[in-house]
Amino acid sequence: MTSARAMTLLIVLLLTVLLTGCFSSNPQDIEAFTMPYMAEVSSSSYVLSPPDVIEVHCSRVPEIDLQEQQIRPDGRVSFEGVGEMDAAGKTPAQVANELRDKILEFYKESLIGERPVDVRVVAFRSKRYYVLGEVAFPGAQAYSGRDTVLGAIALAGSPTVLAWQERIQIIRPARGENGRPRIFEVNFDRMAAHGDMSKNVLLEEGDIIFVPPTILAAAAMKIEEFIRPIARAFTGYYITTRPQASAIGAGATGY
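Count the sequence shown with our numbering and you get residues 387 to 641, in order.
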């Protein structure tokens, strides 16, 4: 057996051992996540931060109805006819309540109805979660407060042909000094192809979805990384030592 072939087999063996042992997920960790049906169908619990954009709905006061405001770096917004107010660190519902009080102070309007003033987030810009690994568009995604595993992977362009769809990792980083990361696995093929939504949990800010490559795909990528510099060096050596043959070959294929 040649030394190159022995090295290749060793790399494949090591990758197999590493990849099959690196996933330290705990099925019980799913209890730290929230299922969509267990949470309110709204973003009222979303905490605003710069540079989120909010929109006010108040039909009784046309001057501010449908106004959009981006939260400034100082955490404040300014509404025509009402003035400035703090928004960062509060939920849309809290901002709506404070805005209602200001409207009553300035306009003396009798605001009736269940929600006479409504504040909605129209651009989620301050918080992120992450989809990494074998997806079409890996990277950070805007967190809205209603993001699920299935929706996040779909937004990232779905798994690639190299993805290990049965072993996608959902990771919630440690909270606090004594906390530990929460990790569990999702079988995306079972979820997308068979409708199994038992692990389609709601994400939180900072969560990570890692779509690993299959063992064979990872091994192939590592072998390619190992072989590529050797191939480049050999090609450079061949061109340097046999320039005449290279020129003849180039001329034979030209027109």
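Every residue, glycine too, gets a C-beta built ideally from N, C-alpha and C.
- Cβ of residue 587 within 8 Å of Cβ of residue 419? yes
- Helix, strand or coil for residue 484, going by three-state DSSP, please let me know. helix
- Query: First and last residue of the beta strand (DSSP E) that includes residue 471?
  - Reply: Counting along the chain, the beta strand (DSSP E) containing residue 471 begins and ends at 469 to 472.
- Message: Checking the sheet assignment: what are the DSSP bridge partners for residue 455?
- Response: BP columns for residue 455 point to 440.
- Query: Do residue 574 and residue 545 have their C-beta atoms within less than 8 Å of each other?
  - Reply: yes
- the ligand SAM heavy atom lying under 7 Å from the CB of residue 566: Only the bare structure without any ligand can be found here, which leaves the ligand SAM out of the picture.
- Task: Assess, as a yes-or-no matter, whether the stretch 456 to 463 is touched by the stretch 518 to 533 under the definition of 3 or more beta carbon pairs within less than 8 Å.
- Result: no
- Message: Measuring alpha carbon to alpha carbon, tell me which residue in 469, 504 and 463 is nearest residue 483.
- Response: Here the closest residue by C-alpha is 504.
- Message: Please list the terminal residues of the continuous alpha helix (DSSP H) segment that includes residue 535.
- Response: 535 to 541
- Of all the beta strand (DSSP E) runs that stay within the bounds of the stretch 576 to 624, which reach a length of 3 or more residues? 594 to 597
- Message: What does the alpha-carbon distance come out to for the pair residue 517 and residue 508?
- Response: 22 Å
- Message: Rounded to the nearest angstrom, what separates residue 464 and residue 472 at their Cα positions?
- Response: Cα atoms of residue 464 and residue 472: separation of roughly 9 Å, rounded to the nearest angstrom.
- Item | Inter-residue Cα distance where the pair is residue 416 and residue 569 | 7 Å
- Item | Nearest candidate by alpha-carbon position, reference residue 439, set 608, 566, 478 and 601 | 478
- Ends of the beta strand (DSSP E) at residue 465? 462 to 465
- Sort 514, 563 and 556 by Cα distance to residue 436 and report the nearest one. 514
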